[in-house]
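Asks: So that we are looking at the same thing, I have put the structure below in structure tokens.
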Amino acid sequence: MVLLEEVWSQEAPPGLRVLPAVEFLRRTWVQQFQRIEDVVSWREPKNTPPGLIRLRTPHEPEARTGAKRDLGWSGYKVHLSETCEPDAPHQITHIHTTPAPVNDDAVLEDIHAALAERGLLPDEHLVDAGYVDAEQIHHARRDHGIELVGPVKSTTVKGQTSGDIFDNTRFTIDWDQRRAVCPGGQTNVVWREDQSHRGTPVTRVRFAARHCGPCELRTSCTSSRTGRNLTLRPKAEHDILQQARIEQDTDRWRRRYGHRAGVEGTISQGVQAFGLRRSRYRGLTKTRLQHHFTGAAINLARIDAWLTGRQLARTRVSPFAAFRPAG
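Mapped onto UniProt numbering, the consecutive letters of the sequence shown carry residue numbers 1 to 327.
Printed below as a string of structure tokens:
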């Protein structure tokens, strides 16, 4: 702080303030510390900038912090797309590199647009749960003719996962008449168009408290004093979500989706054999180029293995899993 005060003093040459190292120091100080009545202290986590702009290390100004479940890292995130036909070598068709905090679902449209530009769009795209929701499935079908396959969230409301609380599927929705009927036979009193916290269109539906209060199904429906509330996606997305939740609970869907596990082997190969998770360069642009070279190397290695008849390695089975009875 003393150094920054000296640099910004009237006696200091103005050119010092525009030096990259000084600017980085200033941004770091502002993001990590605060001064209140001449007392300097660390900022509380909730008072720090969002991950996309928060600096991580002076050695890599563009690196950001990412997290997925219990795994955290600094740097970038790479998204791999590959073919999975059984009668041909599995080839990487696209690599997409982003700052680490960027959500998976935010890049799916960019990936599809890049594949479309090169004439490599698949008929079916198997993706991890982070990439898929009703909106993404709808847009993939509408804009690219792609069947997006991945596990959608079963529900987002507490109690509905276990079946203790009625979810939206228990309500009869008439979109043309702007009407919803609950399991107890009552009709909504409010139907209005709104936006979600993400800015996407939703429909808010509310049932009257005078109907919900004495209802014998109340304990399985709502604890709200103002009556049961529903938040509905647009009709196309609502229908897609209901159908996807039914399908993903079938053995046929599980067998279909099981092919996606192959990309985990690709990631493992990239990490162990080609150093995919260790950037050799600084900056997003150069790291993206490294990832493309890595993808090309993986493709060449797989073509060589295919032409020379090397079999794919079998999935490792832990000693404990080996005790499981066959069949």
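Each residue gets a CB set at the ideal place from its N, CA and C atoms; glycine is no exception. In this text, all values refer to a predicted model and were calculated from it rather than measured experimentally.
Whose C-beta lies closer than 7 Å to the C-beta of P58 among residues of the same chain, with five residues either side of it excluded?
Replies: Here residue 58 corresponds to residue number 58 of the sequence shown, with the count starting at 1. If we look at P58 and ignore the five residues flanking it on each side, its Cβ neighbours are F24.
Asks: Three-state secondary structure (DSSP) at V195?
Replies: In the sequence shown, counting from the first residue as 1, residue 195 sits at position 195. A small correction: the amino acid at residue 195 is Gln; Val does not occupy that position in the sequence shown. Strand.
Asks: Measuring alpha carbon to alpha carbon, tell me which residue in G66, S268, H197 and S224 is nearest A209.
Replies: Working through the sequence shown from its first residue, we reach residue 209 at position 209. The residue with the shortest Cα to Cα distance from A209 is S224.
Asks: Roughly how many whole angstroms lie between the Cα atoms of Q269 and R26?
Replies: Counting from one through the sequence shown, the residue named residue 269 turns up at place 269. Counting from one through the sequence shown, the residue named residue 26 turns up at place 26. Cα to Cα, the separation comes out at about 41 Å.
Asks: Would you kindly work out how many angstroms separate the C-alpha atoms of L71 and G185, rounded to a whole number?
Replies: Here the question's residue 71 lines up with position 71 in the sequence shown. Here the question's residue 185 lines up with position 185 in the sequence shown. Computed Cα separation, rounded: 47 Å.
Asks: Would you tell me roughly how many angstroms separate the C-alpha atoms of residue 392 and P325, rounded to the nearest one?
Replies: Here the chain comprises residues numbered 1 to 327, so residue 392 is not present and cannot be evaluated.
Asks: Report all residues from its chain with a CB closer than 8 Å to the CB of H90; omit the five preceding and five following residues, and keep chain order.
Replies: Your numbering for residue 90 matches position 90 in the sequence shown. The residues are E82, T83, C84, G262, T266 and R302.
Asks: Starting from Y257, follow the alpha helix (DSSP H) in both directions and report where the run begins and ends.
Replies: Looking up residue 257 in the sequence shown gives position 257. Y257 -> alpha helix (DSSP H) spans D251 to Y257.
Asks: Just the Cα atoms here: how many angstroms apart are A88 and S196?
Replies: The residue you call residue 88 lines up with position 88 of the sequence shown. The residue you call residue 196 lines up with position 196 of the sequence shown. Looking at the two C-alpha atoms, the distance is approximately 44 Å.
Asks: When the distance is taken between beta carbons, is A129 closer than 9 Å to K153?
Replies: Translated into positions along the sequence shown, residue 153 becomes position 153. Translated into positions along the sequence shown, residue 129 becomes position 129. Yes, the Cβ-Cβ distance between K153 and A129 is below 9 Å.
Asks: Flag V2 as yes when its Cβ comes closer than 8 Å to any non-hydrogen atom of the ligand SAM, and as no otherwise.
Replies: Ligands are entirely absent from the displayed structure, and the ligand SAM is therefore not among its contents.
Asks: Quick check: what's the CA-CA separation for V132 versus R245?
Replies: Taking the first residue of the sequence shown as 1, we reach residue 132 at position 132. Taking the first residue of the sequence shown as 1, we reach residue 245 at position 245. Their backbone Cα atoms lie some 12 Å apart in a straight line.
Asks: How is R27 classed by DSSP in three states: helix, strand or coil?
Replies: Numbered from 1 along the sequence shown, position 27 holds the residue referred to as residue 27. Residue state, collapsed to three classes: helix.
Asks: Please name the residue, chosen from D123, I165, V78 and V127, that lies closest to G145 on a Cα-to-Cα basis.
Replies: Here residue 145 refers to the residue found at position 145 of the sequence shown. For G145, the nearest C-alpha among the options comes from D123.
Asks: If you draw a straight line from the C-alpha of E216 to the C-alpha of P151, how long is it?
Replies: Along the sequence shown, one-based indexing puts residue 216 at 216. Along the sequence shown, one-based indexing puts residue 151 at 151. One C-alpha to the other measures close to 34 Å.
Asks: Compare the beta carbon distance of F274 and T287 with 9 Å and say whether it is the shorter of the two.
Replies: In the sequence shown, the residue the question calls residue 274 occupies position 274. In the sequence shown, the residue the question calls residue 287 occupies position 287. Going by C-beta atoms, F274 is not nearer than 9 Å to T287.
Asks: Using the rule of at least 16 other Cβ atoms within 10 Å of the residue's Cβ for burial, across every protein chain shown, is H113 buried or exposed?
Replies: As a first step, residue 113 is located in the sequence shown; it is residue number 113 there, counting from the start. Note on residue identity: the sequence assigns Ala, not His, to residue 113. Exposed is the call here.
Asks: Kindly indicate the opening and closing residues of the alpha helix (DSSP H) around N299.
Replies: The sequence position of residue 299 within the sequence shown is 299, counting from 1. From DSSP, the alpha helix (DSSP H) with N299 extends over L284 to L307.
Asks: Quick one: grab the DSSP three-state call for V263.
Replies: The residue given as residue 263 occupies position 263 in the sequence shown. If DSSP states are grouped into helix, strand and coil, V263 belongs with the helices.
Asks: Name the one or two DSSP bridge partners that F33 has.
Replies: Translated into positions along the sequence shown, residue 33 becomes position 33. F33 is bridged to W42.
Asks: By Cβ distance, which residues of its chain are closer than 7 Å to F207, with the 5 residues on each side in sequence left out?
Replies: The residue given as residue 207 occupies position 207 in the sequence shown. Closer than 7 Å at the Cβ level, and outside the excluded window around F207, lie C182, Q186, N188, V189, G227 and R228.
Asks: Ignoring anything shorter than 3 residues or poking outside the stretch 83-148, list the beta strand (DSSP E) runs there in chain order.
Replies: List check, beta strand (DSSP E) in window: 92-99 and 124-126.
Asks: Given that a residue counts as buried once 16 or more other Cβ atoms are within 10 Å of its Cβ, and exposed if not, what is V271?
Replies: Mapped onto the sequence shown, residue 271 falls at position 271. Exposed.
Asks: Which same chain residues, not among the five before or five after Y257, have their C-beta less than 8 Å away from its C-beta?
Replies: If you number the sequence shown from 1, residue 257 lands on position 257. Within the same chain, Y257 has close Cβ partners L126, V149, G150, P151 and Q248.
Asks: Alpha carbon to alpha carbon, what distance is there between H96 and F33?
Replies: The sequence position of residue 33 within the sequence shown is 33, counting from 1. The sequence position of residue 96 within the sequence shown is 96, counting from 1. In a straight line, the C-alpha of F33 is about 34 Å away from that of H96.
Asks: Apart from the five residues on each side of it in sequence, which residues of its chain come closer than 6 Å, Cβ to Cβ, to L284?
Replies: Here residue 284 refers to the residue found at position 284 of the sequence shown. So the list reads E62, once near-sequence residues are dropped.
Asks: Can you name, in chain order, every residue of its own chain whose Cβ lies under 6 Å from the Cβ of L289, other than the five neighbours on each side?
Replies: Residue 289 sits at position 289 when you count from the first residue of the sequence shown. Contacts found: none.
Asks: Do the CB positions of L232 and N168 come within less than 9 Å of each other?
Replies: Position 232 of the sequence shown, counted from the start, is the residue given in the question as residue 232. Position 168 of the sequence shown, counted from the start, is the residue given in the question as residue 168. In contact: L232 and N168 (Cβ atoms closer than 9 Å).
Asks: Quick check on DSSP: helix, strand or coil for K68?
Replies: The residue you call residue 68 lines up with position 68 of the sequence shown. Looking at K68 - three-state DSSP - the assignment turns out to be strand.
Asks: Count the other C-beta atoms from every protein chain shown that fall within 10 angstroms of the C-beta of F166, then say buried if there are 16 or more, exposed otherwise.
Replies: In the sequence shown, residue 166 corresponds to position 166, counting from 1. So F166 ends up on the buried side.
Asks: In this structure, how does DSSP classify R324 when only helix, strand and coil are distinguished?
Replies: Working through the sequence shown from its first residue, we reach residue 324 at position 324. DSSP places R324 in coil when its eight states are reduced to three.
Asks: Report the rounded CA-to-CA distance for V40 versus W29, giving the unit in angstroms.
Replies: The count along the sequence shown starts at 1 and reaches residue 40 at position 40. The count along the sequence shown starts at 1 and reaches residue 29 at position 29. Between V40 and W29, the C-alpha separation is close to 11 Å.
Asks: Taking the C-alpha atoms as reference points, what is the distance between L3 and L19?
Replies: Taking the first residue of the sequence shown as position 1, residue 3 is located at position 3. Taking the first residue of the sequence shown as position 1, residue 19 is located at position 19. L3 and L19: Cα-Cα distance of roughly 13 Å.
Asks: Using only the alpha-carbon positions, how far apart do W191 and H138 sit?
Replies: Stepping through the sequence shown from its first residue, residue 191 is reached at position 191. Stepping through the sequence shown from its first residue, residue 138 is reached at position 138. Cα-Cα distance, rounded: 23 Å.
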